[in-house]
Structures are given as structure tokens and as C-alpha cells.
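Chains as they are written, first to last, in this note's numbering: chain R, 47 to 248; chain Y, 47 to 248.
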DNA sequence: GTCTATAAGAGGATAGAC
DNA sequence: GTCTATCCTCTTATAGAC
């Protein structure tokens, strides 16, 4: 009994290491440029061993996406967020979190265009569940923030949702950081400002 | 003399057709998913013939990027834009133009991450010249709009520039259009609103 | 479950005839 | 400059021994 549990722990640890590597590589170079050989080398095992854990490259990417969605959900449920009184503050905290993850090189990037990966993900139960879960949670916050008069009620909630998702993938924050003029915190403040307050003067 | 000119015209027309196909395919599926075979099939010539015109896949993509930058520059120089009194209005017109091109499926998409293409483009004279040309032009408009008090002067001009570039590549507008609830014009108005006025209520 | 070795195929690029 | 046919590399995926 204890032996089985131990083996499962080892298995879990190994798969965590794999997903970590995939996550990092997806953030760094994207799905197409990431090769399974690289993942194997990064984890330090043979490629064939990888395929014992995950049946395809698409499943590898899906696992990374599922995990980042879980992280997002966990952050939404965290005390740090729930203590914030206004829904708009919680949305902003979420956006800040996504930018932090992105600047840390841990935001796996999917091709926004149609691809083999996109169609694979759209049939992936865990991924869809995770995406729906986060989207519904955010959707409620958006509607609430609009009721509170904090988020522009003239905007369709889907637009607000899409805009927040886009924030996490946009190259703006990394580009701004790459100029070397601002530290991470300043970059995040600036990008949040353009997103929530717009480019126009107020 | 006339014969040579005619041949050059034919050559030019053929290369235009190629760049058109590349542009459309880049917009539809991106650089990695686009194959040279597809381009050749789309143009209606053999792949080997393609390589007589452009020496590599990267050069094909670069040609498409150069042309869209030329189109952007031409729009900036057009009467429709120059007649606008305020720099901020000209920036908004530019953003609107980019969204129209994107919704028309004519905005070639580059991988924002590092890739073979990115390094190739960074050594491509015509591309860099075109990009600098447009960026400088936009940069002047941004600074002027900030002086006018129309664009938030607290934002670094590079951030405004990057944000405008990101607008043209973001999946937000196509996604919103795909819901089928809004026509192109409405989608563009909504996205422009989030970009310039932000998500927060004013 | 881990390895080495290899199959299988896609896709960028080229040879050579016309 | 256009074609057909081919090369060759890279990459996903698997076979089979341990």
C-alpha cells in the first residue's frame, strides 16, 4: 500500500517536472517552435519516456494549459483576492497576476490562429472545463463590476473577458520590459493603466 | 525597350500575386502553419517557380510584411488622415484602419515570440526601414497628442506605440466578430473604445 | 518506465529538362 | 522562368531490449 503510494508520488513528481518544462518552453518559444526533443532534454529523460507519460505533443501543451488555468483559478479563490471589496479590484488583481506570470516567463503561449493545437484543445475535456471555470468566474466579476459602476457598462462582458485574456498574451509587457527602462512592477502598472484607463487622457 | 518593360510588368504582377497569397495565408494561419506548397498552390504555380522569385520562406513573409507596412504608411499620408485636425484623431484613424485590415483577413501575423522568422526579419533591410518609418511617424503623432492633452502624458510613448501595434494582432476583434452579434463596424468601435477609453467607467 | 535505435512523414529547398 | 521529380533535414512517434 505504502509502496504504491510512493510510486504514485514519484510518478506525479516526474509529470510535474515535465509540465514545468513544457510550460517554460511554451512561454519562451511557443508551440510550433517547441520540440519534444527539447522537452525531453530539459527534463533529463529520453523522448520515448516522455511518450509513456503523454501520448502526443498536443497533450503536453494541453497539460501545461490546464495547469495554468488551475493556477488562475486558485488565485481567484485565494484570500488575497477574496478580501478585495470591489469586483473591479478583483479583476485588476487578476490582470496583475497574469502579467506577473507572463513577465516571469511562465505564461504558456498558444497560437491565436487556427492550428492542429487549437482543434486538439477544443476537444480536450480538462482544458475546456478549466477554461469555462475561469471564464465563468471572471464573467461574474465583470457583470458585478459593471453593476457597481466601476467597469464601463456599455461594453459587452465578452469583450471585457477577451480583452483580459489578450492582456496575458500580448507582447506589450515583455517589450516594454526589454527596453530596460522599467522594472517589472512599473511595467505592470503601466500596462494595467492602458488596459483599464485607456490611452486617452482622463 | 517596350518588350522589356512588358516583361517587367508581368514579373511584377506575378510577384504581387505571390505576396497577396502569402499575406492572406499569414493572416489566416500564421508563419509556421503556412507551407510553401500552399503558397504555390494558391498562386497556381510550381513551388520551384516560387523560389525563382523569393529565395526562402522567410523572404516571402518579409515581402508581405514590407507591403503591409507600405500600406500603413500610405494610409498615414492619405488626405483622409491628414485632414484630421488633431494628432489623437489621426492615431485613432490609424488604429481603425488596422482593425479593418485585420477583420478583412489581410493582416499578416508574425509569431511574437523568438523564432527563425524574427531573427531573419531583424536583418531584413526593407522590413526594418518600413517599420522604422511607420514607427517614427506614429511616434510623432503620439508625442503631439500628448502635448495636446488628448493622450495620457503619463504614458511612455513607446508603450502607446506598442499598444497600437498589439491592437492589430490581438485576437479580440476577430473573436468578438465570431460571436456573430456585431457587424464589423460595431466590433471596431467597441475595440477602439477599450483601447482608447479603457475598461473602467469614465 | 527507462533507454537506444529507427520508422514515417512533412516540408523547405534544389537539380535539371524545357 | 516554369515545370517535374527528388533530395535532405528536422521532428513526431514507436519498436523492442532491459
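Every residue, glycine too, gets a C-beta built ideally from N, C-alpha and C.
Min CB distance residue i to chain Y below 8 Å
i              : result
residue 204(R) : yes
residue 65(R)  : no
residue 69(R)  : no
residue 185(R) : no
residue 123(R) : no
residue 196(R) : yes
residue 81(R)  : no
residue 239(R) : yes
residue 230(R) : no
residue 31(R)  : A query on residue 31(R) cannot be resolved here, the shown segment of chain R reaching from 47 to 248 and no further.
residue 88(R)  : no
Residue from the options with nearest C-alpha to residue i
i              : options                           : result
residue 228(Y) : 222(R), 209(R), 202(R) and 237(R) : 202(R)
residue 226(R) : 236(Y), 220(Y) and 204(Y)         : 204(Y)
residue 140(R) : 117(R), 217(R) and 199(R)         : 117(R)
residue 113(R) : 132(R), 64(R) and 134(R)          : 64(R)
residue 209(R) : 244(Y), 135(Y) and 186(Y)         : 244(Y)
residue 217(R) : 66(Y), 211(Y) and 165(Y)          : 211(Y)
residue 109(R) : 166(R), 188(R), 190(R) and 235(R) : 166(R)
residue 171(R) : 54(R), 247(R), 105(R) and 240(R)  : 105(R)
residue 213(R) : 147(R), 193(R), 197(R) and 102(R) : 147(R)
residue 242(R) : 185(R), 186(R), 215(R) and 135(R) : 135(R)
residue 90(Y)  : 61(Y), 107(Y) and 199(Y)          : 61(Y)
residue 173(R) : 115(R), 236(R) and 219(R)         : 115(R)
Reduced DSSP category for residue i - H, G, I as helix; E, B as strand; rest coil
i              : result
residue 124(R) : coil
residue 246(R) : strand
Chain R within 8 Å of residue i, Cβ atoms only
i              : result
residue 174(Y) : no
residue 178(Y) : no
residue 75(Y)  : yes
residue 159(Y) : yes
residue 151(Y) : no
residue 167(Y) : no
residue 246(Y) : yes
residue 78(Y)  : yes
residue 154(Y) : no
residue 135(Y) : no
residue 218(Y) : yes
residue 130(Y) : no
residue 115(Y) : no
residue 201(Y) : yes
residue 57(Y)  : no
residue 106(Y) : no
residue 212(Y) : yes
residue 145(Y) : no
residue 242(Y) : yes
Beta-carbon proximity list for residue i, same chain, < 8 Å, skipping 5 on both sides
i              : result
residue 223(R) : 149, 230 and 233
residue 238(R) : 138, 141, 142 and 145
residue 183(R) : 119 and 122
residue 68(Y)  : 80, 85, 106, 107, 109, 110 and 154
residue 92(Y)  : 86
residue 157(Y) : 76, 77, 78, 163 and 164
Beta-carbon contacts of residue i that lie in its chain and below 7 Å, excluding the five residues immediately before and after
i              : result
residue 206(Y) : 188 and 197
Cβ shell of residue i (< 6 Å), same chain only, five flanking positions each side left out
i              : result
residue 192(Y) : 199
residue 70(R)  : none
residue 169(R) : none
residue 103(R) : 82
*Would the stretch 143-162 of chain Y and the stretch 175-188 of chain Y be scored as touching if the rule is three or more Cβ pairs under 8 Å?*
no
*Specify whether the stretch 69-87 of chain R and the stretch 159-167 of chain Y touch according to this definition: at least 3 beta carbon pairs, one from each stretch, less than 8 Å apart.*
yes
*Touch test, the stretch 94-103 of chain Y against the stretch 127-145 of chain Y, Cβ-Cβ under 8 Å, three pairs minimum*: no
*Should the stretch 79-97 of chain Y be regarded as contacting the stretch 124-133 of chain Y, the criterion being three or more beta carbon pairs within less than 8 Å?*
no
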